[in-house]
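Take a look at the structure below.
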Amino acid sequence: MKIFYKPICKVLACFSVLVLAQETSAQTAISIDFQTQRYLEDVSELDRKKFFNLHMIPNKDHTDDDMELLKNWEVTQGRSFWGAFGRYSNYINTNGVFPGASTVEKEGANNVKYAKEQDHYKHISRQLVVTDHPVSMIRMEMDTEEAGKFAAQYFQHFYEDATRPYYYEPVNEPFVHADEYTENGKYSEADVRRKTAEYFKEIGKSFQEQGLETKVIGYSSAWPSMELWDFEHWESRMKMFMDVAGDYMAGFSTHLYDGINVTGQDTERSGSNADAILDLIETYSYIKWDSVKPHAITEYGGISSGYGDTYTDVESIQTVRSINHIIFGLMDREDRLMISIPFITGKSPWHWGADFEPYGADLWRPVKSSIVNGEPTEFLLTAKKDFFHLWDNVKGKRVRCSSSNPDIFVQAFVDGKTAYICLNNIDTKNQDVALQFVSSMGDFQKVNKRSLKIYQNEDPIYKDEDLTEVPSSISIEPHETIVLTYTLDREVTFSKKAIRKEYYSKTYMQDIKANNKMTFAFNGVTDLSMEGEARLRMAIGRKHDMSKKPRVKINGVTLNSLSNWKGYDQADREDFFGVIEVPVPYKLLKANNSVELSFSDEGGAVSSVVLSVNSIHNFGNRFPFNGSRYELPQKIEAEDFDIGGQGIGYNSLDGINNSKQYRLSEGVNIQKNTENFEILLEEGEWTSYSIDVPENATYTLSVSGKTTSENAKVALMSHNEVLGKVITINTTDKTNFETTVELSAGKYPIQIFSVIGTAIIDFIELSNAQTLSDAIDFTSSNTEIKMGEVNTFEIEYTASEDRDIIIELWGDAFLLGQSKVSVEKGSSNISVDMNIFAEPLNYDQVEVVAKVVKSNSLNGMSLAEAVMTDFEFDPVLSIGDELTTEENITVFPNPTQSQQLMSIKGNSKIYKIEVLDTNGKIYDQFDYPIPHTQVNFKLTNQYSKGIYLIRVYGEKENFIKKILIQ
């Protein structure tokens, strides 16, 4: 017997990317399931207009070539200053009143006429947020009701219906400028903020009364540090705004920046902090209106400093690092997102000055050697272009995917014959990422890798390269983003759909008191299925030395929360404010659910808790045409395909039954023949049939057909993979064509697919079953499965042909680990190694599955299978509940520093200490041959600042404590 390991390359007949555990040291597992279409409520398709926008409008500074470039990138305009109050600011200051309706109507008509005469008019789009600077609107003595009427009149008359902007944000970032309008102490900043909110309210009200389609949004929070001053920042700003103006706002606008935006701390929002901000807004929206009003993220990115005034690619690209971090999170909120606009501007002549240096946010910069009569005649793209190159053409339907590491973000999409897997590393360390494919995307032609690496003091590196081999794992640098593009032979067919719904509690903003139970109700949970996944998102605001890991119960069952969260540890912030997730076993969910939280220490608050539920369903309603599945062996008439419509029963290019002779409501061409009916399949079309296979067997496949083209090729398929060989149909008279196919026992759909040309099919038949002898079993008794280590399984097998042996670890609906070994025909015993890169989830059921499958197959057909369930599985971060056992263990000092002498005291004798990072990597280990209840040790390794874990091994039980190294 010989074991051999096949390199995975683009010439393989079937796509088969699995973790080769023997060849990778990956720390993060990315699982992708191309059988399952992902939905955010009812949204699956990525709407690029919600994400890829420029903070600009077409004008005389942007040429037709500039606009054509943006069109090719599928980038739209997004936001611009110069609205109602800006245009009439001098008039209002001079007259002390807003212009009358007749004035606005007359000047609006002139403005429309003037706009149409401009060369750039053809590029104008309604995809625009109009805003102004606060100084244009905020006047403390003026009537806000009149202001609202004036703004509505302006939008009515200064635009035609075809060009009226979709969004109006009356002024930009007003609250951080409140001190400028106090009139030397006559008004307080709180008075100014409330007056501003009243402006927004009256404007929104007038737009509604006027029947304008333009959506009024606000208040464009520049500094959403909600947690400051025991959440007084939230109370006095966004909450106040929602209370005063919220009834008339179509959505709430927020600016998310890493760095300092006008004021505040030089910190990062991307990751858990951004999630906490948006969750709080959504929760309060639900409390007030029983629904979540959408977000408008009208600016976001990163604000750099210390790079000087002269343009460099290094400085220009810094904001893109943050944009890429934030956009992944926003994509998970598309169902409640109106628009998002990365702060990248076009050309900014107002900023150039004598040295013609570009504005820091600009996409184009002047070529200084091209200045003629004080005007540049040539421009170059800044380094920000790489953001648009990176994301160029990424679109399509969402695919179910997940990451075992909250610092590695993933999004996956399928668009026709193209699949995209997008990865981003928000961590400050390199990460090796294993790509675990739960199911097949089918045959493919090539794989392309685009990557953008961004450094603080070096030029960025953007690469666009075709890969010679399909990666089973990828190394991703800190802040790097990767887009893998797979060019497929045929479109992916989904068999399942994962629908994510998010639920909010009417309880929020709970002060944390030691050992005090906080209860959150989540009622009306719907569409629960047989399988799925769920999480609680807790947004917590606390001092850094306080615990972030409460006792958690859902419906009376205790859960473990994660000790890691998206992004950095926030140690440079005054307070921690971020979302920490609690995985929830799906089977615990009911229509009405109760969540209990309690902390062992006092201080801070839980600002919101959100229940996120992903329910996995069959893709649509499929029914066998004759009422029951075709039990093999069986002859199947081609016209008797499954009931279910487009994408389930068939795939039709035009959705029209041109023959109109049978099954008239279906989109398949069905025509009469001398005996009955036959179907006509154009290239790329298929029909589907539900079968019942009694045992694993090889069948003779007969296809009765003909072609109207020179040659046609058809294939039998299941779960995106070809079964057996492609059949060539080369006659114009009906002929039977044969091949053999291997089918696994079970009930599932198959498709007859036209690969090339036009095929006319009368029937297919599966007969002459030859039972397969494949078998597999575990010969080792693995009593424990360890995360972050190599786990070895002893296997005995019989392979009737050359096969793949696959070992998988499953926790409920999560694929936690995967390994593949290819073997030759015959029987033998082998050892298979598998690394586990699982999250510390609260699994209801964990099992190891060993399978024999066809070589290079991911279609889910097991020719033999064995399951192991009798073992212990303790992911690194869930060996014990830190707070449940906190009274049993004391660590001092905490926070601490590298090279610090530390002491640990417990109720039982301690014989070993390990210090780990939140990914499970061991930094230090200390053994105590003579155990003691109190032990000392020194942190001798090279530690960076951040959160670490101390795992304490006691004679009676083990514990985990979290420490902060400053």
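Here the numbering used here = 1-based position in the sequence shown + 102.
We put the CB at the ideal spot given by N, CA and C, even for glycine.
- In the structure shown, S424 falls within a helical segment according to DSSP collapsed to helix, strand and coil.
- For S327, there is no enclosing beta strand (DSSP E), as DSSP marks it with neither H nor E.
- The Cβ neighbour count for L439, taken over all protein chains shown within 10 Å, is at least 16; the residue is labelled buried.
- T837 has its alpha-carbon roughly 15 Å from the corresponding atom of K737.
- If you draw a straight line from the Cα of I1067 to the Cα of L1041, it comes to about 10 Å.
- Counting every other CB atom within 10 Å of its CB across the protein chains shown gives L825 a total of 16 or more, marking it as buried.
- Where K297 is concerned, there is no enclosing beta strand (DSSP E), although the alpha helix (DSSP H) around it starts and stops at 291-312.
- Looking at the DSSP output, A131 sits in a beta bridge with A536.
- About 16 Å separates the CB atoms of I862 and G786; that is not less than 8 Å, and the two are not in contact.
- Rounded to the nearest whole angstrom, the CA to CA distance from E291 to H335 is 13 Å.
- As computed with DSSP, N771 is found in a beta bridge with L782.
- The three-state reading of DSSP puts V469 in coil, since its state is none of H, G, I, E or B.
- For the pair Y388 and Y688, the CB atoms are not nearer than the 8 Å cut-off.
- The beta carbon of G250 sits closer than 7 Å to those of E304, I305, K307, S308, all from its chain and outside the five residues before and after it, given in chain order.
- Taking 8 Å as the cut-off, the Cβ atoms of E780 and D864 count as close.
- The segment 228-237 and the segment 169-184 touch, with three or more beta-carbon pairs separated by less than 8 Å.
- Excluding sequence positions up to five before and after N213, its CB lies within less than 7 Å of the CB of F260, all in the same chain and listed in chain order.
- Residue nearest to D415 within the set R602, L482, I473, D377 is L482 (criterion: CA-CA distance).
- Rounded to the nearest angstrom, the gap between the Cα atoms of N532 and I510 is 11 Å.
- The secondary-structure analysis by DSSP pairs K497 with nothing; it has no beta-bridge partner.
- Around the beta carbon of D744, 16 or more other beta carbons lie within 10 angstroms, which makes this residue buried.
- In the three-state DSSP reduction, T834 falls in the coil class, being neither helix nor strand.
- In the three-state DSSP reduction, K341 falls in the helix class (H, G or I).
- W391 sits exposed, since fewer than 16 C-beta atoms from the chains shown fall within 10 Å of its C-beta.
- Taking all protein chains shown into account, Y256 has 16 or more neighbouring C-beta atoms within 10 Å of its C-beta and is therefore buried.
- Straight across, the Cα-Cα distance linking I909 with N937 is about 11 Å.
- Note on Y752: 16 or more other CB atoms within 10 angstroms of its CB, so buried under the neighbour-count rule.
- Secondary structure remark: continuous beta strand (DSSP E) runs of at least 3 residues inside the segment 396-451, in chain order: 397-404, 439-444.
- Secondary structure within the segment 702-744: not one fully enclosed alpha helix (DSSP H) run of 4 or more consecutive residues is present.
- In this structure, the straight-line span from the alpha carbon of K151 to that of L586 is close to 21 Å.
- Shown here, K215 sits in a helix according to DSSP, grouped into three states.
- By the C-beta density criterion, Y141 is buried, having at least 16 other C-beta atoms within 10 angstroms.
- The beta carbon of G626 lies closer than 8 Å to those of Y605, A693, N694 in the same chain, with the five residues before and after it left out.
- Taking the Cα of G320 as reference, the smallest distance to any Cα among D332, E300, T369 is reached at E300.
- Linking K555 to Q137 through their CA atoms gives a straight-line distance of about 31 Å.
- In the DSSP assignment, S191 falls within the unbroken alpha helix (DSSP H) covering 191-197.
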